[in-house]
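A.B. asks: In the numbering used here, the protein residues as written are 9 to 514. Cβ coordinates follow ideal geometry from the N, Cα and C atoms, glycine included. All values derive from a computational prediction rather than experimental measurement. Quick one: the structure is below, and I'll ask about it shortly.
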């Protein structure tokens, strides 16, 4: 195949992936907006101590859910000719997982409550266990919609669940001011979503394991990797629960939740289409390297200004949306937003390794992170409390990103320097944004009233965003306008303008 044809195919795949990612991001933005509003309202109605208590129970539940994780979605996507037996096997595996998870949580609830010296954790852990169990009882045929890039059913399903959970949680918080509002809303979301899934993907549940071998390769390395990764992610809160009071832990949990929202909206949705895109070009090394390089550039170009911007405006954001009782969470959010930055440069590694059937790479990276993070976190929290944990998070994130770049190099022969340079315009643009925003913040001074805080954020966000976009496009123009997200953005804007001009009345 000629180089011109190879580049044309790569561009086509890139556009298809970008289009799918844009749709997913838009849908996720809507659902995560509900989460953000829920956090804000519940943060106003409940105390940081309530969030700290529930954070411990949530961390325990999420670790054990990850231990029992079954990547049925990826397995079904990989099966070209799905039959009724495949769906039955998927449903049965998820049901077995739910039963085992319930038994495990039943066994650990009392020991956990004893370790943290809080009997309230017993019923919190047991009740929160209903969420992952009900999540696995949805219709397995929903995968057909996702595989065909039909995201509307998933959007309706997720949005309905979020809305029901939001209404229930806020109603309970308003009427009782009890921490039980948090688990109630959490449990209602998957129950509602699973029920609605049968409207879009009718399926009569039937227990069978006839096709379990088709899922076997995905139930090995990937499941273990999920368990180790979840332990890495929840380790901070579980350890902090021993060393700080519930108020401080609640503020840390809130800051962590806020910092994760941009990642959930943008990065997770970009990763989903990448599995399909990489699978389509995995037989051609040059096209695969090109697709990976472009995906890194796209993710960094979109994610870097968001995370850096969140770090720059963390204090005013927290004070505005949550109030003074959460003000200490602003400093935590400032650092937690930066923790995500190194991960942006290696976010496509997960779908790449799955497309190449090299998921054990992810396991070794997760184990290495655990081996590094656990002792450092213990030392950090012992000597410097939450500040020490934040420093450890940032250090480990950078170290894991470097190791991940080396892993990507070994998989597709893409040099580490090429991976870094694929996003050089975004990095310089983010640096220019920070240089412009920091003096502006000093000039604006502290914002006291609500109106002043809104004005402060509006001015800094507009200025920072303008400087970033202008810098990136200027650098793109000076570098010869190469293929990339900038060219795709201009092409999409031009197509939209042409469409609007044709539809406008004469």
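How long is the line joining the alpha carbons of residue 124 and residue 60, rounded to whole angstroms?
C.D. replies: As a working mapping, residue 124 is identified with position 116 in the chain shown. As a working mapping, residue 60 is identified with position 52 in the chain shown. Those two C-alpha atoms are separated by around 12 Å.
A.B. asks: Compute the Euclidean distance between the alpha carbons of residue 410 and residue 266, then round it to the nearest angstrom.
C.D. replies: Numbered from its first residue, the chain shown carries residue 410 at position 402. Numbered from its first residue, the chain shown carries residue 266 at position 258. Going from the Cα of residue 410 to the Cα of residue 266 covers about 25 Å.
A.B. asks: I need the DSSP call for residue 253, collapsed to helix, strand or coil.
C.D. replies: For the purposes of this step, residue 253 is taken as residue 245 along the chain shown, with counting starting at 1. Residue 253 falls in the coil class under three-state DSSP.
A.B. asks: Determine, using beta carbons only, whether residue 2 and residue 233 come nearer to each other than 9 Å.
C.D. replies: Missing from the structure shown is residue 2; the chain here goes from 9 to 514 and no further.
A.B. asks: Smallest Cα separation from residue 470: which of 269, 320, 49?
C.D. replies: As a first step, residue 470 is located in the chain shown; it is residue number 462 there, counting from the start. It is 320 whose Cα lies nearest to the Cα of residue 470.
A.B. asks: How about residue 108 and residue 137: do their beta carbons lie closer than 9 Å?
C.D. replies: Working through the chain shown from its first residue, we reach residue 108 at position 100. Working through the chain shown from its first residue, we reach residue 137 at position 129. No; because the gap between Cβ atoms is not below 9 Å, this pair is not in contact.
A.B. asks: By the three-class DSSP mapping on this structure, what secondary structure does residue 182 have?
C.D. replies: Locating residue 182 in the chain shown gives position 174, where the first residue counts as 1. Helix.
A.B. asks: Mind checking residue 90: buried by the 16 CB within 10 Å criterion, or exposed?
C.D. replies: Residue numbering aside, residue 90 sits at position 82 when the chain shown is read from its first letter. So residue 90 ends up on the buried side.
A.B. asks: Flag this pair as yes or no: are the beta carbons of residue 420 and residue 300 separated by less than 9 Å?
C.D. replies: To locate residue 420, count along the chain shown from 1; it is residue 412. To locate residue 300, count along the chain shown from 1; it is residue 292. Their beta carbons are under 9 Å apart, which means residue 420 touches residue 300 by this criterion.
A.B. asks: Going by beta carbon distance, what residues of the same chain come within less than 8 Å of residue 164, once the five residues before and after it are set aside?
C.D. replies: As a position in the chain shown, residue 164 is number 156, starting the count at 1. Excluding sequence neighbours, residue 164 sits near 204, 208.
A.B. asks: Where does residue 256 land, buried or exposed, given buried means 16+ other C-beta within 10 angstroms?
C.D. replies: Reading the chain shown from its first residue, position 248 is the one you call residue 256. Buried, by the Cβ-count rule.
A.B. asks: Give me the residue from 400, 369, 366 with the minimum Cα distance to residue 382.
C.D. replies: Taking the chain shown and counting its residues from 1, one reaches residue 382 at position 374. Answer by Cα proximity: 400.
A.B. asks: Using a 10 Å radius around the Cβ and a threshold of 16 neighbouring Cβ atoms, would you call residue 353 buried or exposed?
C.D. replies: Numbered from its first residue, the chain shown carries residue 353 at position 345. So residue 353 counts as buried.
A.B. asks: Apart from the five residues just before and just after residue 161, which ones in its own chain have a Cβ nearer than 6 Å to its Cβ?
C.D. replies: If you number the chain shown from 1, residue 161 lands on position 153. Cβ neighbours of residue 161 beyond the five flanking positions: 153, 208.
A.B. asks: For a test of the three-state rule: what should DSSP assign to residue 135, helix, strand or coil?
C.D. replies: Translated into the one-based positions of the chain shown, residue 135 becomes position 127. Residue state, collapsed to three classes: helix.
A.B. asks: Which whole-angstrom value describes the C-beta separation of residue 435 and residue 424, a residue pair presumed to lie in contact below a C-beta threshold of 8 Å?
C.D. replies: Looking up residue 435 in the chain shown gives position 427. Looking up residue 424 in the chain shown gives position 416. About 15 Å; that fails the 8 Å criterion.
A.B. asks: For the ligand SAH, I want to know if residue 35 counts as a neighbour, meaning its beta carbon is within less than 8 Å of at least one of the ligand's heavy atoms.
C.D. replies: Judged by which ligands are present, the structure shown has none, so any question about the ligand SAH falls away.
A.B. asks: Can you confirm whether the stretch 343-360 touches the stretch 213-223 when touching is taken to mean that 3 or more C-beta pairs between the two stretches lie within less than 8 Å?
C.D. replies: Contact between the stretch 213-223 and the stretch 343-360 is absent, because fewer than three Cβ pairs lie under 8 Å.
A.B. asks: Name the two residues that bound the continuous alpha helix (DSSP H) containing residue 367.
C.D. replies: To locate residue 367, count along the chain shown from 1; it is residue 359. Here residue 367 belongs to no alpha helix (DSSP H), and DSSP marks it neither H nor E.
A.B. asks: Put residue 9 into one of helix, strand or coil per three-state DSSP.
C.D. replies: The residue given as residue 9 occupies position 1 in the chain shown. Here the model assigns residue 9 a pLDDT of 49, short of 50, so the residue's position is not dependable, and the following value carries that caveat. If DSSP states are grouped into helix, strand and coil, residue 9 belongs with coil.
A.B. asks: With 16 other CB atoms within 10 Å as the buried threshold, where does residue 489 fall?
C.D. replies: Looking up residue 489 in the chain shown gives position 481. The residue is exposed, with fewer than 16 neighbouring Cβ atoms inside 10 Å.
A.B. asks: Can you find a CB in chain D that lies within less than 9 Å of the CB of residue 385?
C.D. replies: No chain D appears in the structure shown, which is made up of a single protein chain.
A.B. asks: Using a Cβ-Cβ cut-off of 8 Å (strictly less than) and excluding sequence neighbours within five positions of residue 102, which residues of its own chain qualify?
C.D. replies: Locating residue 102 in the chain shown gives position 94, where the first residue counts as 1. So the list reads 78, 80, 144, 145, 148, once near-sequence residues are dropped.
A.B. asks: Compare the Cα-Cα distances from residue 462 to each of 259, 295, 326, 72 and report the closest residue.
C.D. replies: The sequence position of residue 462 within the chain shown is 454, counting from 1. It is 326.
A.B. asks: Would DSSP call residue 422 helix, strand or coil?
C.D. replies: Taking the chain shown and counting its residues from 1, the one referred to as residue 422 is at position 414. Note: residue 422 maps to coil in three-state DSSP.
A.B. asks: Residues in its own chain within less than 7 Å of residue 310 by CB, not counting five upstream and five downstream?
C.D. replies: On the chain shown, residue 310 is found 302 positions in, with the first residue counted as 1. Closer than 7 Å at Cβ, skipping near neighbours: 274.
A.B. asks: Check whether the Cβ atoms of residue 75 and residue 235 sit closer than 9 Å, and answer yes or no.
C.D. replies: Along the chain shown, one-based indexing puts residue 75 at 67. Along the chain shown, one-based indexing puts residue 235 at 227. A contact, by the Cβ cut-off of 9 Å.
A.B. asks: Assuming contact is defined by CB atoms lying nearer than 9 Å, are residue 251 and residue 71 in contact in what I supplied?
C.D. replies: Counting from 1 along the chain shown, the entry for residue 251 is found at position 243. Counting from 1 along the chain shown, the entry for residue 71 is found at position 63. Not closer than 9 Å, so no.
A.B. asks: Return the first residue and the last residue of the alpha helix (DSSP H) that residue 199 is part of.
C.D. replies: Here residue 199 corresponds to residue number 191 of the chain shown, with the count starting at 1. First-last of the alpha helix (DSSP H) with residue 199: 189-208.
A.B. asks: Along the chain, where does the alpha helix (DSSP H) containing residue 118 start, and where does it finish?
C.D. replies: Start at 1 with the first residue of the chain shown, and residue 118 comes out as number 110. Segment 92-123, the alpha helix (DSSP H) holding residue 118.
A.B. asks: Near residue 240, which residues of its chain fall below 7 Å by C-beta distance, leaving aside the five closest residues on each side in sequence?
C.D. replies: Taking the first residue of the chain shown as position 1, residue 240 is located at position 232. The answer, listed in chain order, is 374, 377, 378, 381.
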